[in-house]
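If you read the sequence shown in numbering that gives the first Met the number 0, its first letter stands for residue 0, the second for the next number, and so on.
Idealized CB from N, CA, C, for every residue including glycine.
Here the structure is a predicted model, which is why all the values come from computation and not from measurement.
Down below is the structure, laid out as C-alpha cells.
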Amino acid sequence: MSVLHVFDMDGTLLPGTTASLELARHLGCERRLHDLEASFAAGGSTVDFARALLELMPELTAEVVAEVFDAAPKLTGIREVLCDIAERGEHAVLITMSPDFFARHFAGWGMEVFASVFPPPPFRRPLAEDGILTPADKPRLCAALQQRHGVGEAVVAYGDSHSDLPLFQVARHTVAVNATAPLRAHATVDYVGGDLRVPYAEVRRILGRLPSVPVPADRREQWSHPAGPDRLGETT
Numbered sequence: 000m001s002v003l004h005v006f007d008m009d010g011t012l013l014p015g016t017t018a019s020l021e022l023a024r025h026l027g028c029e030r031r032l033h034d035l036e037a038s039f040a041a042g043g044s045t046v047d048f049a050r051a052l053l054e055l056m057p058e059l060t061a062e063v064v065a066e067v068f069d070a071a072p073k074l075t076g077i078r079e080v081l082c083d084i085a086e087r088g089e090h091a092v093l094i095t096m097s098p099d100f101f102a103r104h105f106a107g108w109g110m111e112v113f114a115s116v117f118p119p120p121p122f123r124r125p126l127a128e129d130g131i132l133t134p135a136d137k138p139r140l141c142a143a144l145q146q147r148h149g150v151g152e153a154v155v156a157y158g159d160s161h162s163d164l165p166l167f168q169v170a171r172h173t174v175a176v177n178a179t180a181p182l183r184a185h186a187t188v189d190y191v192g193g194d195l196r197v198p199y200a201e202v203r204r205i206l207g208r209l210p211s212v213p214v215p216a217d218r219r220e221q222w223s224h225p226a227g228p229d230r231l232g233e234t235t
C-alpha cells in the first residue's frame, strides 16, 4: 500500500516564519502584519485575515512573490525527502491556509498544493471567501486524497501549530516539527531542528521502509518520541 505525506508550510517547511511574514518584511509592512496576526490569534476569522492581507499588499507582484519564496528560510533536505517519496510511488501534498500564489511555488519541488485561493497579484479582483481554507479543511482535504489515492490509513501528517491539530487528531502518523507544546502532545515523532531528513528517516523506520536519503550523523538524534502510546505502528 502507498503512503500519503501531508505537509504544512508556515512554521513547518518554513521554520520560524510564514509566507505572509516574509512578504511583509520584503514590502516594509512587517509591523502592520504583526497587528493582523495578533487579531487573528485573538479569534479573528481566516477570511478576515485574508481580506486584510490584500489591503496590506495592494501592489504585490508575481515577480516579488517568486523572489521572496526563493529567499525564504526553508528546512534543509526538503527536495531529497520529496524525491524519495516520489521514487517509492508515494504521494506528497502541501495543505496550507496561506495564499496559493506563494504556496504553489512548492509544486515545482514535487508536491501537490492545496492553499487558500487568492486573486493573482497585483490584486485587482475581489477575494472569493469560499476559497479561503480553515484548519477544519485540512482533515477534509486529506480524507478526499486518501480516497483518491487508495492509501487507507497510511497518512503521515507534518505540522507545527494549532492549525494542524484537526489533522493530527485524525491522522494515523503524526510528526511535530519545531512545534508548539499542544501539538507535540498529539505527535509520536517530535523533532526540533532544521533538517527534514531527520524526522523523515524516523518515519521510514517506523513504517518499516528504510530511507534512501542520507542523514548527517550529527543530526540523527534530534527527534524524540513524546510520552504516550505509539500511534504509528506498521503499515500494511
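How would you call Q145, buried or exposed, if buried means at least 16 neighbouring beta carbons within 10 angstroms? Residue 145 sits at position 146 when you count from the first residue of the sequence shown. Taking all protein chains in view, the Cβ of Q145 is crowded by 16 or more other Cβ atoms within 10 Å, so the residue is classified as buried.
Measure the C-alpha to C-alpha separation of T235 and T179 and round it to an integer number of angstroms. Looking up residue 235 in the sequence shown gives position 236. Looking up residue 179 in the sequence shown gives position 180. The predicted position of T235 is uncertain, since its pLDDT is 29 and thus under 50; a value taken from the coordinates is nonetheless stated next. Straight-line Cα distance between these residues: approximately 31 Å.
My assumption, with CB atoms under 8 Å, is that V155 sits in contact with H4. Please give the rounded CB distance. Translated into the one-based positions of the sequence shown, residue 155 becomes position 156. Translated into the one-based positions of the sequence shown, residue 4 becomes position 5. Right, their Cβ atoms sit about 5 Å apart.
What does the alpha-carbon distance come out to for the pair D189 and T60? For the purposes of this step, residue 189 is taken as the residue at position 190 of the sequence shown. For the purposes of this step, residue 60 is taken as the residue at position 61 of the sequence shown. Each residue's CA atom was taken as its position, placing D189 and T60 some 37 Å apart.
Give the straight-line distance between the Cα atoms of H161 and P121, rounded to the nearest whole angstrom. Against the sequence shown, residue 161 aligns to sequence position 162. Against the sequence shown, residue 121 aligns to sequence position 122. Each residue's Cα considered, the two are about 30 Å apart.
Might you give, ordered along the chain, the residues of its own chain that have their beta carbon closer than 7 Å to the beta carbon of T11, omitting 5 neighbours on each side? As a working mapping, residue 11 is identified with position 12 in the sequence shown. Annotation for T11: Y157, G158, D159, V176 place their beta carbon closer than 7 Å to its own, counting only its chain and skipping 5 residues before and after.
Can you tell me where the alpha helix (DSSP H) holding V46 begins and where it ends? Mapped onto the sequence shown, residue 46 falls at position 47. 45-55 is the extent of the alpha helix (DSSP H) around V46.
When we look at the beta-carbon of P98 and count the other beta-carbons within 10 Å, is it buried (16 or more) or exposed? The sequence position of residue 98 within the sequence shown is 99, counting from 1. It counts as buried.
Looking at F117 and F100, is the spacing between their C-beta atoms short of 7 Å? Taking the sequence shown and counting its residues from 1, the one referred to as residue 100 is at position 101. Taking the sequence shown and counting its residues from 1, the one referred to as residue 117 is at position 118. Closer than 7 Å, so yes.
Please return the same chain residues whose Cβ sits closer than 6 Å to the Cβ of A170, not counting the five positions on each side in sequence. By 1-based counting over the sequence shown, the position of residue 170 is 171. Contacts found: V154, A156.
Given a threshold of 16 other Cβ atoms within 10 Å of its Cβ, counted over all protein chains shown, does R78 qualify as buried or as exposed? Translated into positions along the sequence shown, residue 78 becomes position 79. Around the Cβ of R78, a 10 Å sphere holds fewer than 16 other Cβ atoms; the residue is exposed.
Going by DSSP, what residue range makes up the alpha helix (DSSP H) through V277? The chain is shown from 0 up to 235; residue 277 falls before or after that span and cannot be answered.
Please classify R204 as buried or exposed, where buried requires at least 16 neighbouring CB atoms within 10 angstroms. Counted from its first residue, the sequence shown places residue 204 at position 205. Exposed is the call here.
Per DSSP, what are the beta-bridge partners of D9 in this structure? Locating residue 9 in the sequence shown gives position 10, where the first residue counts as 1. Residue pairing by DSSP places D9 opposite L13 in a beta bridge.
Kindly provide the ranges of any alpha helix (DSSP H) runs that are 4 or more residues long and lie completely inside the stretch 159-183, ordered along the chain. Within the stretch 159-183, the complete alpha helix (DSSP H) segments at least 4 residues long are 164-167, 180-183, listed from N- to C-terminus.
Let me know the secondary structure DSSP gives E79 once reduced to three states. Working through the sequence shown from its first residue, we reach residue 79 at position 80. In this structure, E79 counts as helix in the three-state DSSP scheme.
In whole angstroms, give me the CA-to-CA distance for H25 and I94. By one-based count along the sequence shown, residue 25 stands at place 26. By one-based count along the sequence shown, residue 94 stands at place 95. Straight-line Cα distance between these residues: approximately 24 Å.
Simplified DSSP assignment, three categories, for A299: This structure leaves residue 299 out entirely; the chain is present only between 0 and 235.
Determine whether the Cβ of V80 lies closer than 7 Å to any Cβ atom of chain B. No chain B appears in this structure, which consists of one protein chain only.
Is the stretch 50-60 close to the stretch 29-36, with three or more CB pairs under 8 Å? By the Cβ rule, the stretch 50-60 counts as touching the stretch 29-36, because three or more pairs are nearer than 8 Å.
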